[in-house]
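Student: Numbering-wise, the numbering used here comes out as the position in the sequence shown, counting from 1, plus 5.
Here a beta-carbon is modelled for each residue, glycine too, at the ideal position from N, C-alpha and C.
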Amino acid sequence: MKRVLCCLLLCVVFGMNVTAQLITYGDGMPHNDDYTVRVRVPGGEWKELFEYKVQVDMDDVQNSSMVQFDMGSTVEVMVKKNNGTIQDVAIRPFSKKIAYKQQANTITFQLDKPQYLSVEFNGDRLHNLHLFANPLETETYTKASQNVMYFGPGQHKPDDLPGIEFHIPSNTTVYLAPGAIVKAKLVVDRAENVRIIGRGVIDHPQRGIEVTHSKNVTIDGITVVNPDHYTVYGGETKGLTIRNLKSFSCKGWSDGIDLMSCSDVLIDNVFMRNSDDCIAIYGHRWNYYGDVKNVEVRNSVVWADIAHPINIGGHGNGEGEGEVIENLHFENIDILEQDEDDRLYQGCMAFGVGDKNLVRNVTFDNIRVESIQEGQLFHMGVLYNPKYNKAPGRGIENVLFKNITYTGYGENPSVFEGHDANNLIRNITFENVVINGKKVQSIKDLGATVGRYVENIQFK
């Protein structure tokens with residue numbers, strides 16, 4: 006198979022060699038020739054990467070590009086734009102401060118650590134290059150490994166065609182080797198101690214990974230390309246870790262990570278570009294019940310072509326006593342964009358709390374919002390949305406927005422509004438929030454609309 010696995014510096018194909026500092030892989034999926042991308046250890050031989058075709062933005066579905074490789078030391082990257090000339094270059098998130106050199110239609114830049122980037126030419130964010138410099142794998146497996154469900158290089162479909170899913174039992178490691186392409190969803194249901202790891206791709210599944218009624222599940226390193234619906238669908242699960250996940254979607258209801266009644270969750274170092282909510286945290290929905298506690302999202306990049314980058318509280322047990330969603334922490338996150346024309350579903354950091362949910366003790370710290378095509382920076386509402394809710398939410402309380410920056414223009418005013426005197430918003434603190442270089446010290450500075458049933462908004 007062409008360019009399935011190409012290793013530098015004594016890399017062994019299926020067993021990790023600790024001296025390998027750059028590993029490239031790819032092929033087996035549709036190719037996009039908008040760019041030619043190469044990578045090397047400084048001073049070494051350039052190695053070509055495979056430029057995957059991925060689709061983005063359900064409002065106007067376009068073919069974009071993605072490359073990925075693993076790195077353990079400094080590397081140089083070369084990107085050649087194959088169509089048209091280069092007038093402007095942006096490498097985002099801007100917080101990474103990636104410097105580049107340009108010669109004609111080619112740019113080069115250096116990376117000193119793994120990171121996930123969008124390389125954009127001439128302001129075009131629909132035909133950009135998504136570049137994923139992954140950390141080196143710390144463990145690999147073969148088909149002969151015990152308690153391992155192994156997917157090697159090449160395409161994989163369930164045997165019971167037209168089956169659409171692989172079921173994973175307890176105490177199993179699922180390994181998607183570099184070059185593996187799984188054409189089905191992975192299902193963890195009523196299982197525990199499961200790990201889904203590797204550098205393989207789940208390609209155009211119904212859903213990417215389902216984790217329901219389960220305990221102690223880890224997802225690490227996988228890329229999910231254009232599922233019909235969710236990338237990760239979590240329901241009534243405790244102890245879920247998601248690391249190094251990359252995701253694209255371009256269809257209705259193709260959310261990134263949606264969690265219903267899940268607790269003790271860590272989401273770390275993910276890149277989500279989705280045509281619905283990138284990360285959504287709910288109470289009850291469908292067959293999943295229970296409070297939500299202890300969710301941490303950190304060190305990540307999110308990009309909502311529509312809907313919310315981060316959404317909290319929309320679904321719950323409106324026909325029962327309601328649920329509590331508490332102890333949520335979001336830190337060190339770059340929001341590259343929001344573009345949503347429906348005012349009810351705007352907000353880069355959004356609370357749309359319905360169905361008797363009570364949301365409390367939430368922190369956003371060190372959040373950088375780069376672009377809002379159409380949307381709001383903050384949206385906090387205790388509401389009754391008849392399309393989804395059986396009852397209004399119970400309230401939002403004790404929320405801290407700290408070290409938030411936004412540079413841009415044209416967004417709609419942020420909104421804060423409770424539902425009634427018993428279902429209100431209270432104790433909201435803004436600390437070191439900076440918009441277009443100006444520190445926010447009042448509602449006026451924030452440019453927000455504050456409706457009824459809102460108590461104690463503070464600015465520090």
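Please identify the residue among Lys118, Thr368, Phe74, Ile262 whose C-alpha is closest to the C-alpha of Glu331.
Tutor: On the sequence shown, residue 331 is found 326 positions in, with the first residue counted as 1. Distance from the Cα of Glu331 is smallest, within the candidate group Lys118, Thr368, Phe74, Ile262, for Thr368.
Student: Quick check for students: name the residue ranges of the alpha helix (DSSP H) that lie wholly in the segment 297-381, counting only runs of 4 or more.
Tutor: none
Student: Rounded to whole angstroms, what is the Cα-Cα separation between Gly49 and Tyr40?
Tutor: Taking the sequence shown and counting its residues from 1, one reaches residue 49 at position 44. Taking the sequence shown and counting its residues from 1, one reaches residue 40 at position 35. Near 21 Å, if we compare the C-alpha coordinates of Tyr40 and Gly49.
Student: Just list the residues that DSSP pairs Asn417 with in beta bridges.
Tutor: In the sequence shown, counting from the first residue as 1, residue 417 sits at position 412. Partner(s): Gln381.
Student: Go through the segment 97-141 residue by residue and report every complete run of the beta strand (DSSP E) that reaches 3 residues or more, in order.
Tutor: Segments of the beta strand (DSSP E) lying fully in the segment 97-141: 105-108, 111-116, 120-126, 134-140.
Student: Closest to Ile315 by C-alpha separation, out of Ile262, Leu271, Val439, would be which residue?
Tutor: If you number the sequence shown from 1, residue 315 lands on position 310. Residue Ile262 is the option with its Cα nearest to Ile315.
Student: If you draw a straight line from the C-alpha of Arg303 to the C-alpha of Pro35, how long is it?
Tutor: As a first step, residue 303 is located in the sequence shown; it is residue number 298 there, counting from the start. As a first step, residue 35 is located in the sequence shown; it is residue number 30 there, counting from the start. Rounded to whole angstroms, Arg303 to Pro35 spans 32 Å at the Cα level.
Student: Considering only the beta carbon of each residue, do His470 and Tyr350 sit closer than 8 Å?
Tutor: Within the shown structure, residues of the chain are numbered from 6 to 465, placing residue 470 beyond reach of any answer.
Student: Under the DSSP definition of a beta bridge, which residues are partnered with Asp39?
Tutor: In the sequence shown, the residue the question calls residue 39 occupies position 34. The partner list for Asp39 (beta bridge, DSSP) is empty, contrary to what the question assumes.
Student: Suppose you measure from the CA of Ile201 to the CA of Asn371; what does that come to, to the nearest Å?
Tutor: Reading the sequence shown from its first residue, position 196 is the one you call residue 201. Reading the sequence shown from its first residue, position 366 is the one you call residue 371. When rounded, the distance between both Cα atoms is 29 Å.
Student: Under 8 Å, with one C-beta from each stretch per pair, do the segment 147-154 and the segment 124-135 reach the 3-pair mark?
Tutor: no
Student: In terms of residue numbering, what span does the alpha helix (DSSP H) encompassing Leu451 cover?
Tutor: Along the sequence shown, one-based indexing puts residue 451 at 446. Its alpha helix (DSSP H) spans residues 448-451.
Student: Would you tell me roughly how many angstroms separate the C-alpha atoms of His209 and Ala95, rounded to the nearest one?
Tutor: Taking the first residue of the sequence shown as 1, we reach residue 209 at position 204. Taking the first residue of the sequence shown as 1, we reach residue 95 at position 90. Their Cα atoms are separated by approximately 29 Å.
Student: For the segment 414-429 and the segment 381-396, state whether three or more C-beta atom pairs, one from each stretch, are separated by less than 8 Å.
Tutor: yes
Student: Rounded to the nearest angstrom, what separates Leu429 and Phe356 at their Cα positions?
Tutor: Stepping through the sequence shown from its first residue, residue 429 is reached at position 424. Stepping through the sequence shown from its first residue, residue 356 is reached at position 351. Taking the straight line from one Cα to the other gives about 12 Å.
Student: Please name the residue or residues paired with Asp225 in a DSSP beta bridge.
Tutor: For the purposes of this step, residue 225 is identified with residue 220 of the sequence shown, where counting begins at 1. Asp225 pairs with Ile202, Arg248.
Student: So, under 8 Å CB-CB, Asp233 and Lys256 are touching, yes? Tell me the CB distance rounded to an integer number of Å.
Tutor: Sequence index remark: in the sequence shown, residue 233 carries index 228 (1-based). Sequence index remark: in the sequence shown, residue 256 carries index 251 (1-based). Right, the Cβ-Cβ distance comes to about 6 Å (below 8 Å), so this counts as a contact.
Student: With a CB to CB cut of under 8 Å and the five nearest residues on each side skipped, what residues in its chain are close to Val445?
Tutor: For the purposes of this step, residue 445 is taken as residue 440 along the sequence shown, with counting starting at 1. Correct list, in chain order: Phe435, Val438, Val439, Leu451, Phe464.
Student: In whole angstroms, what is the alpha-carbon distance linking Val42 and Ser254?
Tutor: If you number the sequence shown from 1, residue 42 lands on position 37. If you number the sequence shown from 1, residue 254 lands on position 249. Using only the alpha carbons, I get a separation of about 23 Å.
Student: Tell me the residue span of the beta strand (DSSP E) that contains Asp76.
Tutor: Numbered from 1 along the sequence shown, position 71 holds the residue referred to as residue 76. The amino acid occupying residue 76 in the given sequence is Met; Asp does not appear at that position. Segment 67-76, the beta strand (DSSP E) holding Met76.
Student: Leaving out the 5 sequence neighbours to the left and right, which residues in its chain are closer than 6 Å to Ala312 when beta-carbon positions are compared?
Tutor: Working through the sequence shown from its first residue, we reach residue 312 at position 307. Around Ala312: Asp281, Asp282, Glu345, Tyr350.
Student: Ile401 bridges to which residues according to DSSP?
Tutor: Your numbering for residue 401 matches position 396 in the sequence shown. In the DSSP assignment, Ile401 is bridged to Val364, Ile430.
Student: Quick one: what's got a C-beta closer than 6 Å to Tyr293's C-beta in the same chain, skipping five residues either side?
Tutor: Numbered from 1 along the sequence shown, position 288 holds the residue referred to as residue 293. Gly240, Glu241, Met265, Ser266, listed in sequence order.
Student: Taking three-plus beta-carbon pairs below 8 Å as touching, is the segment 212-228 in contact with the segment 177-193?
Tutor: yes
Student: Roughly how many angstroms lie between the CA atoms of Gly205 and Ile103, to the nearest whole one?
Tutor: Counted from its first residue, the sequence shown places residue 205 at position 200. Counted from its first residue, the sequence shown places residue 103 at position 98. Going by the C-alpha atoms only, they are around 27 Å apart.
Student: If I'm right that Asn37 touches Lys58 with Cβ under 8 Å, what's the distance once you round it to whole angstroms?
Tutor: Here residue 37 refers to the residue found at position 32 of the sequence shown. Here residue 58 refers to the residue found at position 53 of the sequence shown. Contact between Asn37 and Lys58 holds, since their C-beta atoms are separated by about 4 Å, short of 8 Å.
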